[in-house]
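Numbers in the working numbering are just positions in the sequence shown, counted from 1, shifted up by 255.
Even for Gly, the Cβ is constructed at its ideal location relative to N, Cα and C.
Structure record follows, encoded as structure tokens.
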Amino acid sequence: VGQLSIAGILGGAVGNLLDRLRYGEVIDFLDFYIDAYHWPAFNVADAAITVGVCFLIVHFAFEKKDEAVLQHDQP
């Protein structure tokens with residue numbers, strides 16, 4: 256999960272960087288309306304970064320500590 260999270264974050268960052276270099280701005284093309292409510296516009300790169308960060312937080316929150324490191328050497 257950790258590696259996939261990093262891949263999503265880096266992939267999204269590169270996608271936004273390429274948009275910025277090519278067009279001078281990041282293009283948000285996913286725009287949703289629910290009745291009168293307007294959800295903020297975003298793009299796939301933004302979604303990849305957000306999901307990657309969320310998964311990374313969950314990964315580190317539930318990561319098991321290596322028991323071998325925690326145990327003391329006994330003579």
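Complete beta strand (DSSP E) runs within the stretch 262-321 (minimum length 3 residues, chain order): 285-289, 292-297
Identify, in the order they occur along the chain, each residue of the same chain with its Cβ nearer than 7 Å to the Cβ of Gly-257, setting aside the five sequence neighbours on each side. Leu-311, His-314
CB Ile-304 to CB Ala-268, shorter than 9 Å? yes
Is the CB-CB distance between Ser-260 and Val-299 below 9 Å? no
Would you kindly work out how many angstroms separate the C-alpha atoms of Gly-266 and Glu-318, rounded to a whole number? 23 Å
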